[in-house]
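Here's the structure we're looking at; comments come further down.
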Amino acid sequence: MIRIAMLSKWHVHAPGYARAIQQSGDAAITCVWDEDAKRGAAWAQELAVDFEPDLQTLLSRSDVDAVVVDTPTSDHARVMLAAAAAGKHIFTEKAMAPTLAECKQISAAIAQNGVKFCISYPQLTGSLAQYAKQAIDNGLLGRIHYFRMRTAHAGALMGWLPDYWYDVEKAGGGAMMDLGCHPMYMAAYLLGKPRRIASVFNTTCCPPPADDNAVSVVEFESKAIAVLETSFVSPWSADCFELLGTEGALVSTGKEVRIRSRKFGTEGWVIPDKLPDPQPMAIRLWLDGILKGTPIPFGTQQGEALTELLENAYKSHREQRIVTVE
Numbered sequence: 255m256i257r258i259a260m261l262s263k264w265h266v267h268a269p270g271y272a273r274a275i276q277q278s279g280d281a282a283i284t285c286v287w288d289e290d291a292k293r294g295a296a297w298a299q300e301l302a303v304d305f306e307p308d309l310q311t312l313l314s315r316s317d318v319d320a321v322v323v324d325t326p327t328s329d330h331a332r333v334m335l336a337a338a339a340a341g342k343h344i345f346t347e348k349a350m351a352p353t354l355a356e357c358k359q360i361s362a363a364i365a366q367n368g369v370k371f372c373i374s375y376p377q378l379t380g381s382l383a384q385y386a387k388q389a390i391d392n393g394l395l396g397r398i399h400y401f402r403m404r405t406a407h408a409g410a411l412m413g414w415l416p417d418y419w420y421d422v423e424k425a426g427g428g429a430m431m432d433l434g435c436h437p438m439y440m441a442a443y444l445l446g447k448p449r450r451i452a453s454v455f456n457t458t459c460c461p462p463p464a465d466d467n468a469v470s471v472v473e474f475e476s477k478a479i480a481v482l483e484t485s486f487v488s489p490w491s492a493d494c495f496e497l498l499g500t501e502g503a504l505v506s507t508g509k510e511v512r513i514r515s516r517k518f519g520t521e522g523w524v525i526p527d528k529l530p531d532p533q534p535m536a537i538r539l540w541l542d543g544i545l546k547g548t549p550i551p552f553g554t555q556q557g558e559a560l561t562e563l564l565e566n567a568y569k570s571h572r573e574q575r576i577v578t579v580e
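Position one of the sequence shown corresponds to residue 255 (the working numbering), numbered consecutively onward.
Below you can see the structure in the form of structure tokens.
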């Protein structure tokens with residue numbers, strides 16, 4: 255049984271992670287810490303566990319083997335460095351940290367202390383991501399030259415995101431730092447290392463300077479170009495996925511997936527008979543990595559890759575120029 259401390263309820267996904275742990279059968283929540291003591295105490299009472307107001311005291315408890323980090327993004331580095339130093343396994347909400355320099359500090363601490371790490375990349379566990387990667391690896395699409403992905407909702411427009419979500423000092427950014435993580439990490443997974451980034455971010459209804467409607471165009475070392483879109487103000491967005499290559503194309507809107515390839519020997523689009531089965535949730539993969547030593551696919555390298563994209567995307571927006579990734 256893995257004994258887990260929940261570190262903050264700041265992120266809206268925190269209750270979902272708590273439920274996953276409670277339903278896992280091989281992990282249990284033993285205590286809660288939160289930078290907001292009132293919120294943390296209430297959550298601990300709801301979970302019927304201890305609330306510990308001091309982070310270091312919590313990390314020294316013998317009934318804590320691992321932690322789930324849902325603090326403000328700006329606090330990720332401080333909290334994860336402390337957890338790693340205490341020998342606690344770490345599961346974190348994305349993004350890993352606002353800057354690549356912080357991510358590298360976290361990665362070094364995790365390696366030095368031999369703890370298991372996983373970041374939540376839910377769309378990479380889905381059937382579409384796995385099918386797209388297989389199509390690339392099997393040569394069905396040829397050389398990839400274009401990728402487009404849009405992930406959007408109307409949380410700011412409809413008012414169902416918490417007010418603190420737009421505090422960029424804590425969140426690290428707006429829509430692109432939050433919902434935009436999904437197209438960003440998907441692009442890194444499928445296309446590799448970025449070379450240049452150009453961004454246009456707008457604030458239309460949420461408190462400035464938080465972006466709520468954003469697009470980044472990324473050139474990768476392979477010369478593939480990715481158009482990565484996100485929004486908090488799109489109630490009827492058709493989340494799109496387009497992957498185009500010299501030998502074929504893969505597109506998805508909603509739940510429908512279509513592919514065409516010269517390698518099929520037939521013209522026209524094909525709907526796959528069967529997509530790969532989804533992988534377990536990232537938090538399940540993390541628990542299995544701790545208990546069974548199985549690989550955790552979303553580790554520090556993947557965490558760094560996302561932040562590298564995000565940091566340079568925001569740099570492009572601030573400086574109003576194309577940024578070369580160093």
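C-beta: ideal position from N, C-alpha, C; glycine also.
Only a predicted model underlies this, so the values are computations on that prediction, with no experimental measurement involved.
Within the same chain, show all residues whose beta-carbon is closer than 6 Å to that of residue i, passing over the 5 residues directly before and after it, in chain order.
i      : result
Ser238 : Since the displayed the chain opens at 255 and closes at 580, residue 238 lies outside it and no answer follows.
Leu504 : Ala386, Ala389, Leu497 and Ile513
Thr578 : Arg450
Thr507 : Ala492 and Cys494
Lys447 : Glu475
Ala338 : Ala363, Ile364, Asn367 and Val369
Between residue i and residue j, is the Cβ-Cβ spacing less than 8 Å?
i      : j      : result
Met430 : Met403 : no
Ser253 : Ser453 : With the chain running from 255 to 580 in the structure shown, residue 253 is simply not present.
Thr327 : Ala406 : no
Tyr589 : Gly427 : A query on residue 589 cannot be resolved here, the shown segment of the chain reaching from 255 to 580 and no further.
Ile364 : Phe552 : no
Tyr375 : Val322 : no
Ser316 : Ala340 : no
Ala349 : Thr561 : yes
Pro461 : Met412 : no
Phe455 : His571 : yes
Ala559 : Ala442 : yes
Gly409 : Lys517 : no
Ala425 : Asp417 : no
Arg397 : Gly519 : no
Since I believe residue j is in contact with residue i (beta carbons under 8 Å), could you give me their beta-carbon distance rounded to a whole number of angstroms?
i      : j      : result
Ala478 : His399 : 6 Å
Pro584 : Leu482 : Only positions 255 to 580 of the chain appear in this structure, which leaves residue 584 out of reach.
Val369 : Lys342 : 6 Å
Leu541 : Asp280 : 6 Å
Leu395 : Glu501 : 6 Å
Leu335 : Gln359 : 6 Å
Under 7 Å Cβ to Cβ from residue i, same chain only, skipping five residues before and after it: list those, please.
i      : result
Thr457 : Pro463, Ala464, Asp465 and Asp466
His330 : Val323, Thr346, Met350 and Ala351
Ser361 : Thr554 and Glu558
In chain order, what residues of the same chain have a beta carbon less than 8 Å from the beta carbon of residue i, not counting five sequence neighbours either side?
i      : result
Arg538 : Ala274 and Ser278
Ile248 : Only positions 255 to 580 of the chain appear in this structure, which leaves residue 248 out of reach.
Gly294 : Ser262, Lys263, Val286, Trp287, Asp288, Phe305 and Pro307
Ile258 : Ile275, Ala281, Ala282, Ile283, Thr284, Val318, Asp319, Ala320, Val321 and Val322
Leu354 : Glu558, Thr561, Glu562 and Glu565
Taking the beta strand (DSSP E) that residue i falls in, what are its first and last residues?
i      : result
Tyr400 : Ile398 to Ala406
Pro448 : Pro448 to Asn456
Val469 : Asn467 to Phe474
Ser515 : Glu510 to Ser515
Ile258 : Ile256 to Leu261
Trp287 : Ala281 to Trp287
His343 : His343 to Thr346
Leu504 : Gly502 to Thr507
Val322 : Ala320 to Val323
Ile373 : Phe371 to Ile373
Looking at the unbroken alpha helix (DSSP H) that takes in residue i, where does it start and where does it end?
i      : result
Gly499 : Run containing Gly499: none in the alpha helix (DSSP H); it sits in the beta strand (DSSP E), Cys494 to Gly499.
Ala478 : Looking at the DSSP string, Ala478 is not in any alpha helix (DSSP H), and its letter there is neither H nor E.
Ala331 : His330 to Ala339
Ile360 : Leu354 to Asn367
Cys435 : Cys435 to Leu445
Trp540 : Ala536 to Lys546
Gly528 : Note that residue 528 is Lys in the sequence shown, not Gly. No alpha helix (DSSP H) contains Lys528, which DSSP labels as neither H nor E.
Trp297 : Ala291 to Leu301
May I ask whether a heavy atom of the ligand ZN can be found less than 7 Å away from the beta carbon of residue i?
i      : result
Tyr271 : Here there are no bound small molecules, and the ligand ZN is not part of this structure.
Sufficient close CB pairs (3 or more, under 8 Å) joining the segment 257-266 to the segment 288-295 = yes
Decide if the segment 519-529 is in contact with the segment 307-317; the criterion is three or more beta carbon pairs, one per stretch, under 8 Å apart.
-> no
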